[in-house]
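In the numbering used here, each residue carries its 1-based index in the sequence shown increased by 837. Comments concern the structure below.
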Amino acid sequence: MVHGTARSPRLLRRMNSAALLRFALDTEEFTAGEAMAASGLTRATVLGVCTDLVAAGWLEELADSREAGLTQRGRPARRYRLREQVGVLVGVDADEAVLRVEVCSLRGRRLAERTLELEGPTRDGPARRELVSRTVAEVLAEPAVGGAPSLLTVIGVPAPVDADGASPTDDPPFWAAMNPGFADTPGARVLVENDANLAVLAEHAHRQVAHMAALLTGERFGAGLVVDGRLLRGRRGGAGEMRMLELLVGSDPDAGTTDGLGALARRWALGALARDDGSSSLRSVDPEVLGIAEVLAAAADGDVLALGVLRRLGERLARLVAVIESLLDVEEIVLCGADVTGIGPVLDEARTVLEEQFSPPWPELTASTLGREVVLRGAVALALDRLREDPLALLDEG
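Have a look at this one:
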């Protein structure tokens, strides 16, 4: 249904066109009658707008219902569908260590993708920007895309992002390197968003929880926050940054401040091995590959040192969960990222600490089922949301 009062015929026409395009995005093919029922518009208006959208290349008219063999009596119904070749959407997870790109149709169907494991530090801003642009162009050029132009590219970065798509350039320099002006990419419509925010958007769409947080963990912690069904951003896009962990952990040099569970597991395991001359099975693991998966596997086998690291991880997570719950009153906190596979024992330990050391209510603590692609899934979901909000804004650009 089209709501509101237009102040001019031109604005009314645009509102009607947007309403029919949104309907087309959610429907494989439709008749004028079906569009009338969905939009509340008259038959003459629907047919007029559809004619304009066909002329503009956004819809295509199909064989009418009689020619298609769908009806034999009465006036044949005119049938339409979205012309998907009008454009595609692009989602990007521009992590420090991994670059993931997906091109999808206007209905979210995956057309092409690419994942690059990045070697060594990737904190050269101009080189990072060029790499992302080149990779997106290469994926768009794949045969499955069919030469359709990108209407919107959503890029997730491990940095706060303000309303203009920019990240702070002063503190720390890491943020500016992770987002080296992606929003200003020439010749492209680009939306830049914090990776944890995209993770919580993906989880929110998946779980339909109105008050939740997504903790993106790996080498660092970051939080995406949804309260009352809305993403929290803050003045500079810094809502959910974990610098407050510096206050929680104090001056302990071994605390790891904003380190994520993966980095903490490695730090604490190596530290314990250096202080202990026992027979932990972790001693045989290459320090370069030692991480949370190895710690959890050893703990499952009863390794005393690994069990100690597991308890520390659970306590750190519990304290972080308690802070988020006390500030935002969320009902669920989801652990996201590559390091959450098999993380159940850490969640169990965190739940025990919450029950023993903190007062209820406690949020539900769960692990994401979206895996390594959670940020990418959020980028695609945001692109689809923006398209549905105002399809003409993107299609006019395309």
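Heads up, the beta-carbon is just placed ideally off N, CA and C, and yes, glycines get one too.
- Put simply, the backbone Cα of P1197 is about 9 Å away from that of A1159.
- DSSP places D889 inside the alpha helix (DSSP H), whose first and last residues are 880–892.
- Contact annotation: I1180 and A1204 have beta-carbon atoms nearer than 8 Å.
- Per DSSP, the unbroken alpha helix (DSSP H) holding A1187 starts and ends at 1181–1194.
- About 29 Å separates the beta carbons of D930 and R920, which is beyond the 8 Å limit, so they are not a contact pair.
- The three-state secondary structure of R920, taken from DSSP, is coil.
- The beta carbon of E1040 sits closer than 6 Å to those of A1051, V1171, all from its chain and outside the five residues before and after it, given in chain order.
- Contact check for T1094 against E1078 fails: the beta carbons are separated by 8 Å or more.
- For T1054, the number of other beta carbons within 10 angstroms of its own is at least 16, and it is reported as buried.
- Taking every protein chain shown into account, the CB of E954 has fewer than 16 other CB atoms within 10 angstroms, so this residue is exposed.
- By alpha-carbon distance to H1043, the top candidate from E1193, L1207, E1152, G1071 is L1207.
- Going by DSSP, R971 is part of the alpha helix (DSSP H) stretching over 962–977.
- Taking the Cβ atoms as the reference, W1105 lies roughly 24 Å from E1162, outside the contact range of under 8 Å.
- Taking a 10 Å sphere around the C-beta of E1030, we find 16 or more other C-beta atoms and assign the residue as buried.
- The closest CA to that of L1154, considering only L878, R851, R1057, is found on R1057.
- In the DSSP secondary-structure assignment, N1031 is bridged to V994.
- Between the alpha carbons of G894 and D1166 lies a gap of roughly 48 Å.
- If the five residues before and after G1018 are omitted, its C-beta is found closer than 7 Å to the C-beta atoms of R966, all from its own chain and listed in chain order.
- Of the candidates V1183, L1068, L1219, V1211, V1183 places its Cα closest to the Cα of L1202.
- For M1049, the enclosing beta strand (DSSP E) starts and ends at 1049–1054.
- Proximity of the segment 977–996 to the segment 943–952 meets the contact definition, three or more beta-carbon pairs being nearer than 8 Å.
- Judged by DSSP in its simplified three-state form, S987 adopts strand.
- Residue pairing for E1169: DSSP places it in a beta bridge opposite M1049, E1201.
- For A900, the three-state secondary structure derived from DSSP is coil.
- Under DSSP, G928 takes part in a beta bridge, and its partners are E939, V991.
- For R1073, the three-state secondary structure derived from DSSP is coil.
- By the Cβ-count criterion, A964 is exposed, with fewer than 16 other Cβ atoms from all chains shown falling within 10 Å of its own Cβ.
- Assignment of R847 by DSSP, reduced to helix, strand and coil, places it in the helix class.
- The alpha carbon of G1139 has as its nearest neighbour, out of S1118, Y917, D1123, the alpha carbon of S1118.
- R1104: member of the alpha helix (DSSP H) spanning 1098–1112, first to last residue.
- In this structure, the alpha-carbon of D1123 lies about 10 Å from that of L1107.
- For R947, the secondary structure class from DSSP, reduced to helix, strand or coil, is strand.
- Per the coordinates, the alpha-carbon of V991 lies some 15 Å from the alpha-carbon of R944.
- With a contact defined as Cβ atoms closer than 8 Å, S987 and A1020 miss out at about 15 Å.
- Setting aside the 5 residues that flank it on each side, T952 is surrounded in the same chain by R937, each with a C-beta closer than 6 Å to its C-beta; the list follows chain order.
- The residues Q922, G924, V925, in chain order, have a CB closer than 6 Å to that of A985 in the same chain once the five nearest residues on each side in sequence are set aside.
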